[in-house]
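Each residue of the sequence shown is one higher than the one before, counting from 517 in the numbering used here.
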Amino acid sequence: MIILGILFIIGGFLLRFQINKRQFNRRNSAGVEEFKSYGNAYTVQILEKIGRIVGLFLIIIGIIMTLTFFFGTSHK
517 MIILGILFII GGFLLRFQIN KRQFNRRNSA GVEEFKSYGN AYTVQILEKI GRIVGLFLII
577 IGIIMTLTFF FGTSHK
């Protein structure tokens, strides 16, 4: 349970890191994101929002699973 929780936390942070890295790499020297087309921009932005929510969800679930392991079981 603790290993799965830690993997969820790491996976959530990696997912959010990759999304932010892709967004950073799309910026030009003026700081404006560049896309090939309006449709591409719309699709990518929606998928990035969903990815950020999934990443946050993984981090929260991982923290809950890890805390449950430490505080939810009796250690004898």
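Positions of the beta carbon are idealized from the N, C-alpha and C atoms, including for glycine. Fair warning: this is a prediction, and the values are worked out from it, not measured in the lab.
Within the continuous alpha helix (DSSP H) that includes residue i, where are the two ends?
{"i": "residue 560", "result": "554-588"}
Give the DSSP bridge partners of residue i, in chain order.
{"i": "residue 549", "result": "543"}
CB-CB under 7 Å to residue i, same chain, minus the five flanking residues each way: which ones, in chain order?
{"i": "residue 529", "result": "575"}
{"i": "residue 585", "result": "517, 518 and 521"}
{"i": "residue 557", "result": "551"}
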